[in-house]
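Chains as they are written, first to last, in this note's numbering: chain B, -19 to 466; chain R, -19 to 466; chain S, -19 to 466; chain X, -19 to 466.
The C-beta atom is built at its ideal place from N, Cα and C for all residues, glycine as well.
4 protein chains.
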Amino acid sequence: MSAAFSKVYVDRVLDPGYRNWKRLYLKDSLAVHRAHLVMLEERSILPPGTAAALKVAMDRLETEFTPPERIPEGNEDLYFVYEHELERLAGSEEAAWLHTARSRNDMDNTVFRLALKRELLALLRSFADCAAVFLERARKGEGELTVLFTHGQPANPSTMAHYLSAFLLEFLESAAAIGRALDSVDLCTLGACAITGTGFAIDRERTSRLLGFAAPLENSYRAISSSHWLVLPAQALALAMGDITRLAADLLHKASCEVGLVDFPDDLVQASSIMPQKRNPVVIEHLRIQANLVAGTCSSIIDLFRNVPWQDVNELADAPVSDFIAAIGDARSCIDLLSEAVAKLRSDPVRAREICLRFGVTTTELADTLVRECGIGFRAAHRACSAFARSGLDKAVLRSAYREAAGRELKLGDAEIDSALQPERFVAVRGSAGGPAPAGMVGVWAAAEAGLGALTGTIAAHEERDRSAAAELAAAWALFGSRRSR
Amino acid sequence: MSAAFSKVYVDRVLDPGYRNWKRLYLKDSLAVHRAHLVMLEERSILPPGTAAALKVAMDRLETEFTPPERIPEGNEDLYFVYEHELERLAGSEEAAWLHTARSRNDMDNTVFRLALKRELLALLRSFADCAAVFLERARKGEGELTVLFTHGQPANPSTMAHYLSAFLLEFLESAAAIGRALDSVDLCTLGACAITGTGFAIDRERTSRLLGFAAPLENSYRAISSSHWLVLPAQALALAMGDITRLAADLLHKASCEVGLVDFPDDLVQASSIMPQKRNPVVIEHLRIQANLVAGTCSSIIDLFRNVPWQDVNELADAPVSDFIAAIGDARSCIDLLSEAVAKLRSDPVRAREICLRFGVTTTELADTLVRECGIGFRAAHRACSAFARSGLDKAVLRSAYREAAGRELKLGDAEIDSALQPERFVAVRGSAGGPAPAGMVGVWAAAEAGLGALTGTIAAHEERDRSAAAELAAAWALFGSRRSR
Amino acid sequence: MSAAFSKVYVDRVLDPGYRNWKRLYLKDSLAVHRAHLVMLEERSILPPGTAAALKVAMDRLETEFTPPERIPEGNEDLYFVYEHELERLAGSEEAAWLHTARSRNDMDNTVFRLALKRELLALLRSFADCAAVFLERARKGEGELTVLFTHGQPANPSTMAHYLSAFLLEFLESAAAIGRALDSVDLCTLGACAITGTGFAIDRERTSRLLGFAAPLENSYRAISSSHWLVLPAQALALAMGDITRLAADLLHKASCEVGLVDFPDDLVQASSIMPQKRNPVVIEHLRIQANLVAGTCSSIIDLFRNVPWQDVNELADAPVSDFIAAIGDARSCIDLLSEAVAKLRSDPVRAREICLRFGVTTTELADTLVRECGIGFRAAHRACSAFARSGLDKAVLRSAYREAAGRELKLGDAEIDSALQPERFVAVRGSAGGPAPAGMVGVWAAAEAGLGALTGTIAAHEERDRSAAAELAAAWALFGSRRSR
Amino acid sequence: MSAAFSKVYVDRVLDPGYRNWKRLYLKDSLAVHRAHLVMLEERSILPPGTAAALKVAMDRLETEFTPPERIPEGNEDLYFVYEHELERLAGSEEAAWLHTARSRNDMDNTVFRLALKRELLALLRSFADCAAVFLERARKGEGELTVLFTHGQPANPSTMAHYLSAFLLEFLESAAAIGRALDSVDLCTLGACAITGTGFAIDRERTSRLLGFAAPLENSYRAISSSHWLVLPAQALALAMGDITRLAADLLHKASCEVGLVDFPDDLVQASSIMPQKRNPVVIEHLRIQANLVAGTCSSIIDLFRNVPWQDVNELADAPVSDFIAAIGDARSCIDLLSEAVAKLRSDPVRAREICLRFGVTTTELADTLVRECGIGFRAAHRACSAFARSGLDKAVLRSAYREAAGRELKLGDAEIDSALQPERFVAVRGSAGGPAPAGMVGVWAAAEAGLGALTGTIAAHEERDRSAAAELAAAWALFGSRRSR
């Protein structure tokens, strides 16, 4: 351990790792030390007096220990630096007992899982906040006419509520996937030691509970070798980010000045330094970029494990975990931007109406009306309306095309035709389940409320477990000194 | 529709799509037509007599319709070819009614989901079969000594049961992820029409049930625009494939002739055409390649949606779905290979023992023994054993190192030292939860059984739902004619 | 070799590989056999008479050998099936001499390189054809007014020539990258044997030349282990495909009915089965999908090599090579679609003019005019024009804003202002290098011509080398019999 | 410009971008300002006196301007902050002239290219340093016996020179790819303005030369829209990193204690905190991880452009460029580690010999010897040697197998057989081009020297151009004031 490492190795590997540990994992590692010592003591694995002595030293280090900026010569990692401090205070013989029945393998893995759990929980909170913004904005969008597109062309009139709630459900499904991925992180690997556990009579349930995990991970080799706790969250996050890139592409189209269906206030718009007329909704472009860069890091983490021996490997250590934690931070930035953009999203129903009439968008409903009220088949009605749309909505063309298709005169008067073409009517009749009319939206709102409720429930349950575990660990730690004196 | 398309467009887009449909989706599309017609009839949306006439024609087409090899001139897709046949039999006016209250958007999406459900269910069966093979081989591996590695170096003795059950749990977690992804496919989008549903009084619950879906998807815009039904299964499959590449890397190392811990029979081994001594366990290499190529296609499908407008787009159509279905077939090939390799995997406990003693693998346990029985701290024990390992297990070195570390003589005799170094003893004392000793494996076996049980339960539930839906559709279809005659 | 292989192994590995070989590599492998035998004979490595006997048998097999559909029992691959046929004709002792001083490693690798070279050359021809279409369409677009966008908003008037030539240069740069990647394929690995060459006095230059390669690959271990011949072409192809996805996104925006700057004839447009008004330019969507799927396969091939030992591995064999060859075919389909779309691309200068004036696109030039002719600074001019643009081009606003910014009256009259706002004038003054005015385009056309010339030159050079190598091999083979009789 | 931006937008987009600019691009942007002003002045585009006034102010700012830590309220980016400072010193009217005939589009793009050029040049230097280390270590490895593997099994004896030079050639090919990618960065886009150039009579050749670029990029729209300057370097870097992951996998196998062919000194090896016997060559694992993470970022950058409209977009701005620059830094760390590992790589010829004889590795040469000296065919010789290898090199088995295959007695004596099996002989006879014997290595060394020479030549040429451009710009800037006073 005291061997001098190659300078290149220290500069390129050990010191960067040490800095990651200081920045991201020190606090969790102290909690792991405490929980482990409590368990060792409760199971009487240490010689009498040792645990108490360690406790005193560890309590002092909790306030006194400030790791140096750069890794001290001859140390591999922050843990050894900490252990040396412990040796200084408690004596070398005593200090070493803390590492009984564990390895850096299980200790580090447990620390990474604690840190990742906290980050994923924060991410879920960002999702929940954004989902609430979406729901509120969508609710305001009931009756707010818009046009929805397929293949880049205006397809049907609908409402902003219908559109935004659709994405909200997509978003909540991604959040649920992240929640489930969190379950695979939420397993305690302490006690797996190097890979096969230990001959000491440890209690893995106890340390798991003291650290706030759902349960110990069942197989000690898998505990150290599995990548699922990184890959599953990375996949779930990539799912959410991918959807955001798609929403961004759709919003950019809707926000282009030729389409003009949606708009953002000036505080989200940038100008050009050379083109006086430009108003660039770059907030959406940045949304796209941030989402794609996060998705890229997720892919990077996932692909990292390709063909890597199914063993304990350093891919499961601080470098990738820290990159992933940074990506989660970027994802939260992206979701904050999304919340801001959605909260401030303005739509233009007048323009929506104009597009509907200009491009014959509502002729679909006219065709359906012909089917329902004139008793001709769907295809014939479609053909007549197609000619009508191509003519620029010339009713004479409609009538003659109908005559040709149906073999009889169209019985609808001009006013009835006009009424069938109203975008508002198009929306109003679409009350089938999942459609934009209020009746169609009943199940949609219920699903959105349920999804958001499940998400906030997941968050609350994790917070509660974290709180009670912290309290239990603090209590055990406090009790611990007193019992020791018996 | 009758417009002649550009020859390049037909050759490069329409005809390949048509061939995909013929090969993969025709059968499901006929089921969708039936379920849709039953529902239209039950909801009295069609004129009296129309449904009965369509039924007669559709029943004839069920046996008579053989789509031509190449897409007929002027058709966009197989659906229009089918509709033309229907027009021929039932008359153009009647035939068109079948497309009432639906669009190709929802129809196609429903067909793709049906096809994908079937493939994913077959995939889950391959997983279940392979998991059963794993479990059986792992059970045989209780007490079968092996060496497990960390960072490519021999780390701990363990058992094949411990090792294989660890991977089995990983594998079952992936299978569970595929099962959950299947839930996102298992939602019926029929009735979403283009994107906003319809003004006809359709019953989406009914068609969903007749086709064997769990439920209709709630929002009609999302039904047509979401990519989750492709992305979620692709991610889950990629997870499983990624793990297989890691297992392959580990097995290749264990199977290398210098390590020699595992071996395969001759019927899985290839020779060299130039090197007489070679016995290449290429089955594992092919496992790696097949898994990586499937993972590559999964990534391809996932990345396809980057920045694609959140609308109905052709990324959600036959080209990517067919590629994904091919990848599922390749994944099943890969899993069959894995089953074969695991079933025939032989391990060499004698070589395991040799490696343990040759490379001082069991000195970890000697260190633990010193801690437990001699009352010295973990670090001092580790230091003494480290010197012992470096010396090539020279007991004099151990004794002197112990003396230096502990300040007293080592009280263990040579026989006790030898006993502490036995690999079998190393394994036997590791009965902490998740360790290789029988006590440690109790929870592992329970978890494996539970996981396999859940997987077979998922499969059985889907099969049962598919069976009962098919029966309900057949019954409704049969009834349908008779009622119509009323 | 005669060992019976596991049925699963045959079905999942050997037979699929055998079918790949039959379909894609048989012809090239026969050429390799010929070239190798010629060289062995020229170097007097074989016993007298052996080569002549082999030649007779090989000539017979050239016409007679039809490999069975499924791999015959007990064979590993197509090569052994061929060798057995050779043994049947020439006797087992003689037949075996053909494999002197080579291994399947170098033989297969050489065959894969030959096949890949041919496919890449065909791909370059597709690029050259498409580039010629682009150039022709771009030439027609001189003076054809359009609007170009930044961040999705109309930015500057320009010409179709400027726009299409820009992409053409991008496209030619990708083609050049593919050409360079082809250089890394175009190295002969025959003679590398397993990995270290041979003790026989072979002539690697000779076989390389007879097979039409540029040169032998220098190091025999690298010859068998390198992935560059797959990864470099995959990267270059992915570059081209990525650009096409970007062009598709831009064209889809320009082709949306609200923007309406470009359009396609009916034979490239699809209708909706439910929305009578729809005209979907799905040709561009299919371009996007095909390009992305090819890019996905390229990534799959590239990622396949992650962490794969730098040795001879089966990742360098038929499964990935065949997938890549299929992707090249798909890329050619995609490029054919692109040619078709570009050849038929119509633009609408009237709509371009309308957008320019409606959205104040030309105020950039007004600002420049103020700078050039009124002597105010750029920022002040920009500010005045920005107010003018926001006002909807109200000249009173411009004058007052100018007054405020410049501290004096605007000396331009209304006609001069109007003239400065003309899109045609905007284009006409932009003659700086690379701009859309004829003077600006001089260097652009030169670069495009040069790029296309280089591409056709590369193709011609390869074709010429292939032709002369085939002739040389045929001549050597013919001569060979006669010399043998000496 | 003075509009207050949304706080979220400032925190999540503008401020992070501003910080990127301060950290990475400020210096280059000042050079761009200088070159632009020199050109404007030389072309007499500015009013008399303006340029001189700007020069004075810019000279002061060169030393005085320290941008505030956080982006000042109401600014979009660092450029506007700088311009405001310039306005403060030179007056608002004068300051604005600096932005004549340019846009942030071309200015930023030029700055990013300058920064990226510098980073790529530094990267090439790291490649050259590492290649030199490789070459030196490879030279030392002439005659240093080792074993090379195929499919994870020992295949042929060879030398460390053969092995390391093979990778060196791979590495130099990647470096050459990076060099070519640098050519696509090395094009000046200044003067492209927004996207169509300008009506001012600028001189793009001049600014290009003053900034050290090879040439101006030809088409102004492409100048702003192309992603090649990011994608091509990312692909080339990914190629190099991918190879390193493969080398790492191979070295880890060779360094495993069971194989024992290579080893690293203690200063590159880490111990276990729980397993006294462990010596983990984790330097190679970290090499693998660092290379994969860099490759992951490269993929992230490449995939970022999927389906992004082929326009000026923010994907071409500071966020991705800065990520890519960070990845280049990580790549250099990785290459430094590689240099360190290769320089200190020790191999064990004794172990190599042992493996050869233990696993019958040299029977390939015995088979060749039988072919060459006993006149039997390759296949028969191979069959006899295969039986010999399986017997554990029992000569009686060889003789009887030979007799069966050849129909006569083996004429080689035991000593001759033993000699044919010597690994040293195996290597010595392999003098065919590219083989490990000195004759085979001649072309290998020549290729390595040529590749390294080309690489150092590329670096020197860039350095020389940068130096002379800096001198030319400084001279023009100095002259500039004096001429202005005319």
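{"Item": "Report the rounded CA-to-CA distance for aspartate 394(X) versus alanine 381(X), giving the unit in angstroms.", "Value": "15 Å"}
{"Item": "With 8 Å as the C-beta to C-beta threshold (strictly closer), list the residues of the stretch 128 to 147 of chain R near chain B in chain order.", "Value": "Leu128, Phe129, Thr130, His131, Gly132, Ala135, Asn136, Pro137, Ser138, His142, Tyr143, Ser145, Ala146 and Phe147"}
{"Item": "Alpha carbon to alpha carbon, how far is aspartate 246(X) from leucine 317(X)?", "Value": "15 Å"}
{"Item": "Answer with buried or exposed for proline 48(R), where buried requires no fewer than 16 other C-beta atoms within 10 angstroms of its C-beta.", "Value": "exposed"}
{"Item": "Could you say which of Gly276(S), Gly222(S) and Tyr5(S) lies nearest to leucine 94(S) if we only look at CA atoms?", "Value": "Tyr5(S)"}
{"Item": "Let's test the definition: count the other Cβ atoms within 10 Å of the Cβ of valine 293(X) and tell me whether it reaches 16, buried, or not, exposed.", "Value": "buried"}
{"Item": "Output needed in chain order: residues of the stretch 271 to 298 of chain S with a Cβ under 7 Å from some Cβ in chain B.", "Value": "Asp283, Arg286, Asn287 and Val288"}
{"Item": "Quick one: give me the first and last residue of the alpha helix (DSSP H) that phenylalanine 147(X) is part of.", "Value": "140 to 165"}
{"Item": "Should the stretch 220 to 240 of chain S be regarded as contacting the stretch 96 to 112 of chain B, the criterion being three or more beta carbon pairs within less than 8 Å?", "Value": "no"}
{"Item": "Please state if the CB of leucine 325(X) and the CB of phenylalanine 193(X) are separated by a distance shorter than 9 Å.", "Value": "no"}
{"Item": "Measuring CA to CA, which of Ala271(R), Thr130(R) and Arg445(R) is closest to proline 261(X)?", "Value": "Thr130(R)"}
{"Item": "Output needed for alanine -16(R): all residues of its chain with C-beta closer than 8 Å, excluding positions within five of it in sequence on either side, in chain order.", "Value": "Glu53 and Gly54"}
{"Item": "Quick check on DSSP: helix, strand or coil for valine -12(X)?", "Value": "helix"}
{"Item": "Buried or exposed for alanine 118(B), please, with buried defined as at least 16 other CB atoms from any protein chain shown within 10 angstroms of its CB.", "Value": "buried"}
{"Item": "Look at the alpha carbon of alanine 141(R) and the alpha carbon of leucine 149(R), and state the distance between them as a whole number of angstroms.", "Value": "12 Å"}
{"Item": "Hey, is the stretch 164 to 176 of chain S in contact with the stretch 414 to 422 of chain X, meaning 3+ C-beta pairs nearer than 8 Å?", "Value": "yes"}
{"Item": "Ends of the beta strand (DSSP E) at threonine 130(B)?", "Value": "125 to 130"}
{"Item": "Report the residue ranges of all alpha helix (DSSP H) runs contained in full by the stretch 253 to 337 of chain B; include only those spanning at least 4 residues, in chain order.", "Value": "262 to 283 and 298 to 323"}
{"Item": "Taking the CB atoms as reference points, tell me whether leucine 20(X) and alanine 81(X) lie closer together than 9 Å.", "Value": "yes"}
{"Item": "Which value, in whole angstroms, describes the spacing of the CA atoms of histidine 16(S) and arginine 359(X)?", "Value": "16 Å"}
{"Item": "For serine 138(R), which residues in the same chain have their Cβ closer than 7 Å to its Cβ, ignoring the five residues on either side in sequence?", "Value": "Thr126, Leu128, Val407 and Pro416"}
{"Item": "Inspect the CB distances between the stretch 303 to 317 of chain B and the stretch 328 to 336 of chain X and report whether three or more fall short of 8 Å.", "Value": "no"}
{"Item": "For chain X, is any of its Cβ atoms less than 9 Å away from the one on arginine 464(S)?", "Value": "For arginine 464(S), the predicted model reports a pLDDT of 45, less than 50, meaning its position is unreliable; a value from the coordinates is still stated below. Judged by the 9 Å Cβ criterion, arginine 464(S) is not in contact with chain X."}
{"Item": "Should glycine 387(X) go down as buried or exposed, given a rule of 16 or more other Cβ atoms within 10 Å for buried?", "Value": "exposed"}
{"Item": "How about the stretch 270 to 278 of chain B and the stretch 203 to 218 of chain B: do they share at least three Cβ pairs that are nearer than 8 Å?", "Value": "yes"}
{"Item": "On the criterion of 16 or more Cβ atoms from any shown chain inside 10 Å, does glutamate 124(S) qualify as buried, or is it exposed?", "Value": "buried"}
{"Item": "Compare the beta carbon distance of methionine 221(R) and cysteine 314(R) with 9 Å and say whether it is the shorter of the two.", "Value": "yes"}
{"Item": "Going by DSSP, name the residue or residues bridged to alanine 195(R).", "Value": "Leu167(R)"}
{"Item": "Would you say glutamine 215(B) faces chain R, with C-beta separation under 9 Å as the test?", "Value": "yes"}
{"Item": "Mark alanine 376(R) as exposed unless 16 or more other C-beta atoms lie within 10 angstroms of its C-beta, in which case mark it buried.", "Value": "exposed"}
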